[in-house]
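Report on one structure; see the data block that follows.
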Amino acid sequence: MPHTRGFVPPPYPYDRLDELRASAASLPGGAVDLSIGTPCDPPPAAVLEALARSGAERGYPPSVGSPEMREAAAGWLGRRFGVSIDPGAVAACIGTKELVAGLPHWLRLRRPDRDTVLYPEISYPTYAMGATLAGCRAVPYRRLEDIAPADAERALCLWVNSPANPTGELSDLPGAAAWGRARGVPVLSDECYIEFTWDGPGRTILAEGSEGVLALHSLSKRSNLAGARVGFYAGDGELVHYLAEVRKHAGFMVPGPVQAAAVAAFADDTHVEEQRTRYLRRLERLVDALGAADIPCQLPPATFYLWVAAPDGDTWALTARLAAEAGAIVSPGEFYGPAGSGHVRIAAVQPDDRIDLVADRLAGRRGPAGARTQT
Ligand SMILES: Cc1ncc(COP(=O)(O)O)c(C=O)c1O
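22 is the number of the first residue of the sequence shown in this note's numbering; add one for each residue after it.
Right, here's the structure in full:
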């Protein structure tokens, strides 16, 4: 018998695009899915080799992460972002989404007097969902200075996401760390797009020291390993230890071969440089093509997303127009909170020839079979 008075999971946002997907699929050349930020390019060969041949599949892997993986993650943070982190304050997660969704629950177990999760008003939906799953209040904020003192007093944690999905913006990480420390509120900094920072070097909250902060990192985007499910969190030693212990009891483990692959991925930066070049090329191509179709937009300071204002403010009309004219499936901004309405997010995650197809369709340069016509 269904219990209707309890939690009813809302429709998964991207499932709401199924109808548009089906109609765009009927265009010659098919639909080009630019909605979900899922990588399409290959991981490096050394990573696949490690995945296939580590021999780590027989026994249970360490929940906290192998010593090699924790050292490789700390080494990457030092090499790329100049922060010195003790590998003992680094722990594995099964991709970061499960951690984002689970953190409020685990934090609340030891702070039952705090019931409020603060998160950016236009953001990845899992921050709010994690609060809901923990039975907490999900309270969005626009700027740190707008947070009401009454909400700050009840705050279990503060989320920041820089570079930000979906806007591509960079936020004030020193300010966030200081805000949390002044109030004894842990600051959770989701930094999974850090390698795709275009405006200067990548920045981590760990540059402010690790007290009271956690940085979350993922190999899904950096190394095209979203299917392998691996990331880590690092920062405040006591907090990392608590979470790692809870997660060990609950049986969260990154599979051994995936941990071996993570070691290889964190050791290599060449593939990241190649990926950065690809994303930037695709973003530039889309910005040009959209601009020429009277949908003006700009390159973001970071990430592989374009955050595009609907010319007349009608998000769903722009979503439908891009599907009908260009076969492009994009995400309406309200997927990222009510304040995102009026924009769409376009993920530059398809191969170059598919991005070209979208650009050509927008310019009216494709014939009935999807082939290029003479211009
Ligand atoms: C802001 C943000 N955080 C976390 C994730 C989760 O990534 P993963 O679970 O693959 O590490 C995503 C995925 O799109 C994201 O956009």
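Idealized CB from N, CA, C, for every residue including glycine.
Since we're looking at a predicted model, the values are computed, not measured.
Residue j beta carbon less than 8 Å from that of residue i
i	j	result
D227	Y254	Before going further, note that residue 227 is Leu rather than Asp in the sequence given. Cβ atoms of L227 and Y254: not closer than 8 Å.
S239	G252	yes
L307	A369	yes
A313	G189	no
G201	L177	no
P278	A94	no
A159	Y140	yes
T218	F102	no
A338	S75	no
L264	W127	yes
E232	D193	no
V351	A113	no
Y326	P187	yes
A155	R129	yes
K242	S84	no
E89	A360	no
A349	V329	no
G205	L165	no
A100	R135	According to the sequence as given, residue 100 is Arg; it is not Ala. No; because the gap between Cβ atoms is not below 8 Å, this pair is not in contact.
T336	H292	no
A371	C61	Going by the sequence as given, residue 371 is Gln instead of Ala. The answer is yes: Cβ separation under 8 Å.
I376	R303	yes
T59	A185	no
P353	T340	yes
P34	F356	yes
R91	V68	no
D405	L191	With the chain running from 22 to 396 in the structure shown, residue 405 is simply not present.
P2	G358	In this structure the chain extends from 22 to 396, so residue 2 is not present and cannot be described.
T137	D172	yes
V234	A198	yes
D115	R250	First, the residue type needs correcting, since residue 115 is Ile and not Asp in the sequence shown. Taking 8 Å as the Cβ cut-off, I115 and R250 qualify as a contacting pair.
K229	G223	Looking at the sequence itself, residue 229 is Glu, so the reference to Lys does not match. Not in contact: E229 and G223 (Cβ atoms no closer than 8 Å).
Paired residues, beta bridge with residue i - DSSP
i	result
D211	N182 and L237
D54	I350
V160	L139
T218	A323
C61	None, per the DSSP bridge assignment.
I367	L327
V29	For V29, which the question treats as bridged, DSSP gives no partner whatsoever.
A112	Y254
A176	T137
Residue i: CB within 7 Å of a non-hydrogen atom of ligand 2
i	result
R132	In the structure on display, ligand 2 does not appear, and the ligands it does have are ligand 1.
Below-8 Å beta-carbon distance, residue i vs any chain D residue
i	result
W337	You won't find chain D in this structure, because it holds only one protein chain.
Problem - Sufficient close CB pairs (3 or more, under 8 Å) joining the stretch 113-125 to the stretch 285-304 - result: no
Exercise for the section: Go through the residues and name those whose CB comes closer than 6 Å to any heavy atom of ligand 1, in chain order. Expected result: G58, G116, T117, K118, V121, Y145, N182, N186, D211, C213, S239, S241, A247 and G252
Practice task
Mind listing, in chain order, the continuous alpha helix (DSSP H) runs of no fewer than 4 residues lying wholly within the stretch 302-362?
Solution key: 336-347
Exercise for the section: At 4 residues or longer, and completely inside the stretch 117-148: list those alpha helix (DSSP H) runs for me, N to C. Expected result: 118-131
Practice task
List in chain order: all unbroken beta strand (DSSP E) runs of 3+ residues lying wholly within the stretch 222-304.
Solution key: 234-239 and 252-256
Practice task
State whether the stretch 201-216 contacts the stretch 78-87, with contact taken as three or more CB pairs (one from each stretch) at a distance under 8 Å.
Solution key: no
Handout entry: At least 3 beta-carbon pairs within less than 8 Å: the stretch 38-52 vs the stretch 340-356
Key = yes
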